[in-house]
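Asker: Each residue of the first sequence is one higher than the last, beginning at 1 in UniProt numbering.
Built from N, CA and C at the ideal position, the CB exists for glycine as well.
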Amino acid sequence: MLHKWKPFSFLEKPHICCRLSSLTFFKPSVSVARLLEEEPPLSRSHNDPVFEILSGLKKLGFRRFLSGDYFRSVVFSLDQLQVNKIINFLRIESPDFAVVFFDLMRNEYRFQHSRFSRFVVAHVLAEQRRLEELRFVLEQMLKEEGSGSAPSLCEPLLNGFRDWDKNSLVWDMLAFVYSRFEMVHDALFVLAKMKDLKLHASILTYNSLLYNLRHTGTLWDVYNEIKVSGITQSKQTNSIVIDGLCRQSKLQDAVSFLRETEATGLGPSIVSLNTIISRYCKLGFTGVAKSFFCMMLKYGLLPDSYSYNILIHGLCIAGSIEEALEFTSDMKKHGVEPDIVTYNILTKGFRLLGQMDGAWKVIQRMLDRLNPDVVTFTILICGHCQNGNVKEGLKLREEMLSRGLQLSVLSYSVLLSSLCKVGQVHEALVLFYEMEEQGLEPDHVTYSILIHGLCKQGEVQSALLLYEEMCSKSIPPSSLSSGAILLSLCENGMISEARVYFDSLIMNDWAHDIVLYNIMIDGYARQGNLEEALELYTIITEKGITPTTVTFNSLIYGFCKNRNLAEARRLLETIGLHGLKATAVTYTTLMNAYCEDGNMRCMLELLQEMHAKGIRPTHVTYTVIIKGLCKQQKLQDAIRLLEDMRYMGLSPDQVTYNTIIQCFCKARNIKMAFKLLNEMWMNSLEPTPATYNILINGLCVHGNLKDANKLLISLHKQNIKLTRVAYTQIIKAHCVKGNAYSAFMFFCLMMEKGFEISIKDYSAVINRLCKRCLITEAQHFFCIMLSHGISPDQEICDVLFNACQQCGDLSFVYEMLAWTIKSGLLTQK
DNA sequence: GTAGGGTTAG
C-alpha cells in the first residue's frame, strides 16, 4: 500500500537531532539474515529499498543515513510491509532505533504504520518500561481503529507476539486504553482473551473499567472478578464501587459496602465518604450528610476541601445559606481555605434565593484572593437573566471576553434561554451561530432551549430543521426537545403531523419517556378523539411503560369533553389501582364537567372528596366553583369566594376574573364588571383579550353602545392586544341598530390591525342590514367585498335579491342579476 | 476515584 506523505524537515528539530546523535549504530548480526530470509525472496539488488536502507544504516550510521539524499528519495515509496521489516530488524539489533525510526516515519513523514509495526514497537517500549510512550502508541492505534476493533487487534497479538517478552503488559495496556476511551465492550473483550491466556490485568485497568461501568449492573461482575483473581485492590477500587452504587441509586448498598471495607482493614477513604455525603446532599438529606461528616472526624480523617464544598453545596441547594456560611467559617478554622468552587457554590446559593446582593458580596470577598472563572460568570449571568435582565447578562458576556475568558456551552445556553424567554429567538439564533463559529459543540440542552423557543413562537418548521441537525450530529434527542416539537404541533392543531413525528420517534426507539405519550394522548383528548387516545394508552401498557397521573388526567378530560361523565368518574377510581394519586388537576377537570352540566351537587361532592383526601384545591379549582356559583346567579357568593382565595394564599388569575366579570355583565351590573377590571390592574394582572371581549360584549348587549365604542377605540389606539372578536361583536351590534356608518368605521379599524376579513364577516353585516331594509348600505358593503377580491357566495346573493325585492329597490336587482349570471351564481328560482 | 455553572414539562 502506497501512502502520500508530506515531507518535513525533521532533522532541523533540535530534540530529534539530539536523540539521534547520542546513539551509535550497531554491528550486523545473524538476526538480520534470519529476518530477511523469513520473508518472500528478497532480491538484494540495488533496487530493493529495504536492503539498501539496512545496509545504508550500517555503513553511514543512523543519523547520517536518515538525513541523507538516498533515504529522502526512497522514503515516499516505502510500503507497510517494507517498514515492518525495517522496524522488526531494528528491534532485534537495537530496540531504541526501532522506536526512533517508528516515530520518525509517523511524525515527519505521516506514515500510516501497520498493526504489526505498532505492536512491535509497543513490545519494545513495554520491555523498557516506557509506559507513557507505550500508552501513546496504543492510543493512536485505537483512535484510528475505533470502537468494535478489539477482535481484529487481539488476533495478531495472539498469533504473532505470544512468546514475546512483556507481552502481558501490552495486553494490559490495550485493555486499559480501550477502557479510557470508553470502549467498554472492547476492553471486556481484551480482558476475556487475557483470561484465556492466563494473563492478569493490573488493578489500574480494572479501576478504569469499573469507573466506566459505574452506571451499570456489570460493575459487580467486574468487582467480583477482581476479588476472585486475587489482585490487590487499591483505595480507588472501593471509592469507585461506592460511587457506582450511589449513581445506581443503591445508597444502602454503598453504605454497607463502606462498612465491609472498613472491616477488611483498608478503612474508609476520604473520597468514599465524600461520595456518600454528596449523594445524601443531592437527595436533600443534609442531616444524614452532616452525620457522615462527623463520622469522618470519628475515623480520624480530616475533611478536605471536597468534603466542605460538597456539604456547603448541599446546604445551599436546600436553601440553608446561613448554615452554609457557618461551615465556610468552620472550614477556615480548620485550615482549609475556601477555593473558587466554594465561592461559586455560595454565589449560586444566594442566586437561588433571588438575593443577588448577597451573591455580589460573596464575589467581592472572593476578588481579594481569586479571579472569577467561567463558572462564576455563568452563575451571575444566570442571576440577571432570571430577573429578566438579558441586557445585563449580555454585558457580563462582554466582560468575560475582555478578561480573555472563553464562554462555555453552558454560559451560552443561559443567554440563549433568556433570549428565548423574552421572545427574541432570532437574536438567540445569532448567538448560537457565533457559538458554533468558536468551535463549541452545542449539546442536547442547547438544542432543547432553541427548539422550545422556536416552537413557542410558532416556528415549528425551523424547530424541526434544528431538530434534524441535532440528530444528524448523533446527539440523541432528549424527551425535552422532542416533547417541545410534539407539544407545539398539537397546540397548533397539527395533530396528524404530530402523530407522524411521534411514530418516527417510536421507530427510532426514542420514545421511552411517558411524557411524550402523555403529550400525544392529551392532543387527541383535547380534540375529543378518544379512540386514538385510548389506543395509545393500550400501547403504553403493552410496552410496559408506567402511566402517570397526567396520562389519566388527559383521558378523563377526553371523556368529559365527550360528555361521558360516568366513564370519566370510573377512571378517577382507576388511578388509585395503578398506585398513583389523583391530583387537583384530576378533580378540577371532573368538577368543571359537572359544572358545565349544571350538576352542582356532584361538583361539590368532589370538592369534599378532595378535602377528605388532603388534596389542596388550586386557583383553577376555585375558578370552576366560582363559575358554578355564577351559573346559579349567586353573585355575592362568587365575590366572597374570590376574597377567600386570596385569604388562602391562592391568587386568582385572569380566567377567574374573566369568569366573574362575564357573570356581572350578564346581570347588567356593568359598574361592578369595571370595578373588577380595576381590581385586576391593582393586582398587576394584565387583562387578556378575552377580558376585553367580555366587557365590550357586555356593553353592546346589556349596556350602552356608545361606551362600547369608546372602550374599543381607546384600546385600539393604545395598541392593546385584541382578537378579531372584539371588532366583530361591535360591528354586529351597530348593524342590528342600523348604524351602518359605525359598522363601516370598525370594519376599517379591523383591517388596519391586519385582521383578515372573511366572507362570513361580510355576510353577517349584509344579513343584518338587509333585515332592516338598509339596501343601499348593504350594497355598499357588497361593493367593498368585491373590491377586496372576495367573491360572493350563493347565500349572500340570495339575501340581497330577496331584500331588494321585498324592500322595492329594483334598480339594484338588475345589476346583481347581471353580475351573478356572469359569475355563474344565478339562483335556482 | 469525590465538589461548583444551563434546559423544563404533560
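Taking the runs of the alpha helix (DSSP H) that are 4 residues or longer, which of them lie wholly in the region 502 to 553?
Answerer: Counting only runs of 4 or more, we get 514 to 527 and 530 to 543.
Asker: Tell me the rounded alpha-carbon separation between L480 and R768.
Answerer: By 1-based counting over the first sequence, the position of residue 480 is 480. By 1-based counting over the first sequence, the position of residue 768 is 768. C-alpha separation (whole angstroms): 51 Å.
Asker: Just how far apart, CA to CA, sit R64 and L401?
Answerer: In the first sequence, the residue the question calls residue 64 occupies position 64. In the first sequence, the residue the question calls residue 401 occupies position 401. Cα-Cα distance, rounded: 51 Å.
Asker: Short of 7 Å in beta carbon distance, which residues of its chain neighbour E133, apart from the five on each side in sequence? Order them along the chain.
Answerer: Here residue 133 is taken as the residue at index 133 of the first sequence, counted from 1. Answer for E133: L125, listed in chain order.
Asker: Identify every run of the alpha helix (DSSP H) within the region 155 to 221, keeping only runs that are complete inside it and at least 4 residues long; order them along the chain.
Answerer: Fully enclosed alpha helix (DSSP H) runs of 4 or longer: 167 to 180, 184 to 196 and 203 to 212.
Asker: Helix, strand or coil for E12, going by three-state DSSP, please let me know.
Answerer: In the first sequence, the residue the question calls residue 12 occupies position 12. Note on E12: pLDDT 32, under 50, position unreliable in the model; no value is reported.
Asker: Going along the chain, which residues of its own chain have a beta-carbon closer than 8 Å to the beta-carbon of V336, five neighbours each way excluded?
Answerer: Taking the first residue of the first sequence as 1, we reach residue 336 at position 336. So the qualifying residues of the chain are P303, D304, S305 and Y308.
Asker: Could you compute how far the alpha carbon of E795 sits from the alpha carbon of L431?
Answerer: Residue mapping note: residue 795 aligns to position 795 of the first sequence, counting from 1. Residue mapping note: residue 431 aligns to position 431 of the first sequence, counting from 1. Between E795 and L431, the C-alpha separation is close to 54 Å.
Asker: Which same chain residues end up closer than 6 Å to T656 when comparing Cβ atoms and leaving out the 5 residues on each side of it in sequence?
Answerer: Translated into the one-based positions of the first sequence, residue 656 becomes position 656. Excluding sequence neighbours, T656 sits near T623.
Asker: Go to K613, then tell me how far its alpha helix (DSSP H) extends in each direction, as first and last residue.
Answerer: Within the first sequence, numbered from 1, the residue matching residue 613 stands at position 613. Looking at the DSSP string, K613 is not in any alpha helix (DSSP H), and its letter there is neither H nor E.
Asker: I want to know whether the region 638 to 656 touches the region 668 to 685 - three or more CB-CB distances under 8 Å.
Answerer: Touching, yes.
Asker: Taking the alpha carbon of D707 as the point to measure from, which residue in T546, I696 and I485 has its own alpha carbon closest?
Answerer: Looking up residue 707 in the first sequence gives position 707. Closest option to D707, Cα to Cα, is I696.
Asker: What is the DSSP secondary structure of E93, reduced to helix, strand or coil?
Answerer: The residue you call residue 93 lines up with position 93 of the first sequence. Three-state result, E93: helix.
Asker: Helix, strand or coil, according to DSSP, for L440 in the structure here?
Answerer: Position 440 of the first sequence, counted from the start, is the residue given in the question as residue 440. Residue state, collapsed to three classes: coil.
Asker: Under the three-state reduction of DSSP, which class applies to I757: helix, strand or coil?
Answerer: The count along the first sequence starts at 1 and reaches residue 757 at position 757. Coil, per DSSP.
Asker: Using only alpha-carbon positions, find the residue among E756, I615 and C595 that is nearest to Q632.
Answerer: Within the first sequence, numbered from 1, the residue matching residue 632 stands at position 632. That would be C595, whose Cα lies nearest to the Cα of Q632.
Asker: Which complete alpha helix (DSSP H) runs does the region 52 to 105 hold, if anything under 4 residues is left out?
Answerer: As far as the region 52 to 105 is concerned, its whole alpha helix (DSSP H) runs of at least 4 residues are 62 to 67, 69 to 75 and 80 to 93.
Asker: What three-state label does DSSP hand F257 in the structure shown?
Answerer: For the purposes of this step, residue 257 is identified with residue 257 of the first sequence, where counting begins at 1. Residue state, collapsed to three classes: helix.
Asker: If you scan the UniProt repeat "PPR" (408 to 442) from start to end, which runs of the beta strand (DSSP E) of 3 or more residues do you find wholly inside it?
Answerer: Counting only runs of 3 or more, we get nothing.
Asker: Taking the Cβ atom as the reference point for each residue, do L516 and A498 lie within a distance shorter than 7 Å?
Answerer: Along the first sequence, one-based indexing puts residue 516 at 516. Along the first sequence, one-based indexing puts residue 498 at 498. In this structure, A498 does not lie closer than 7 Å to L516 by Cβ.
Asker: Compare the beta carbon distance of I270 and L311 with 7 Å and say whether it is the shorter of the two.
Answerer: Indexing the first sequence from 1 puts residue 270 at position 270. Indexing the first sequence from 1 puts residue 311 at position 311. Taking 7 Å as the Cβ cut-off, I270 and L311 do not qualify as a contacting pair.
Asker: Determine the direct distance from the alpha carbon of H426 to that of L489, and round the result to whole angstroms.
Answerer: As a position in the first sequence, residue 489 is number 489, starting the count at 1. As a position in the first sequence, residue 426 is number 426, starting the count at 1. Distance between the alpha carbons of L489 and H426 is about 20 Å.
Asker: Taking the alpha carbon of K250 as the reference point, which residue from H215, C471 and T583 has its own alpha carbon closest?
Answerer: Within the first sequence, the letter at position 250 stands for residue 250. Among H215, C471 and T583, the Cα nearest to that of K250 belongs to H215.
Asker: Which of the three DSSP states is assigned to S402 in this structure?
Answerer: For this step, residue 402 is matched to residue 402 along the first sequence. Residue state, collapsed to three classes: helix.
Asker: By Cβ distance, which residues of its chain are closer than 6 Å to L580, with the 5 residues on each side in sequence left out?
Answerer: Counting from one through the first sequence, the residue named residue 580 turns up at place 580. Closer than 6 Å at Cβ, skipping near neighbours: T549.
Asker: Just curious, the alpha helix (DSSP H) that N274 is in, first and last residue?
Answerer: Residue 274 sits at position 274 when you count from the first residue of the first sequence. Unbroken alpha helix (DSSP H) run through N274: I270 to K282.
Asker: Just checking, does the region 431 to 441 make contact with the region 458 to 465 on the three C-beta pairs under 8 Å criterion?
Answerer: Because the criterion of three Cβ pairs below 8 Å is not met, the region 431 to 441 and the region 458 to 465 do not touch.
Asker: Does the count of Cβ pairs from the region 173 to 183 and the region 217 to 230 closer than 8 Å reach three?
Answerer: Verdict: no, contact absent.
Asker: What ranges does the alpha helix (DSSP H) occupy inside the region 683 to 738, keeping only unbroken runs of at least 4 residues that lie completely in it?
Answerer: Within the region 683 to 738, the complete alpha helix (DSSP H) runs of at least 4 residues are 689 to 702, 705 to 717 and 724 to 736.
Asker: Output the boundary residues of the alpha helix (DSSP H) element that contains G148.
Answerer: Looking up residue 148 in the first sequence gives position 148. That residue, G148, is in no alpha helix (DSSP H); it is neither H nor E in DSSP.
Asker: Would you decide whether C665 is buried or exposed? Buried here means 16 or more other CB atoms lie within 10 Å of its CB.
Answerer: For this step, residue 665 is matched to residue 665 along the first sequence. Classification of C665: buried, given that the 10 Å Cβ count is 16 or more.
Asker: For the alpha helix (DSSP H) that contains T376, what are its first and last residues?
Answerer: The residue labelled residue 376 in the question sits at position 376 within the first sequence. Run containing T376: V374 to Q386, per the alpha helix (DSSP H) assignment.
Asker: Determine the burial state of P151: buried for a count of at least 16 other Cβ atoms within 10 Å of its Cβ, exposed for fewer.
Answerer: Here residue 151 refers to the residue found at position 151 of the first sequence. By the 10 Å Cβ count, P151 comes out exposed.
Asker: Just to confirm my understanding: we take G287, look at its own chain, exclude 5 residues before and 5 after, and list those with CB closer than 8 Å. What are they?
Answerer: Position 287 of the first sequence, counted from the first residue, corresponds to residue 287. Nothing listed; no residue qualifies.
Asker: Can you give me the start and stop residues for the alpha helix (DSSP H) that Q779 sits inside?
Answerer: Here residue 779 refers to the residue found at position 779 of the first sequence. First-last of the alpha helix (DSSP H) with Q779: I775 to S787.
Asker: Between which residues of its own chain and H384 is the CB-CB distance below 6 Å, once the five residues before and five after are set aside?
Answerer: Taking the first sequence and counting its residues from 1, the one referred to as residue 384 is at position 384. Counting only Cβ-Cβ distances below 6 Å, and skipping sequence neighbours, we find E392 and G393.
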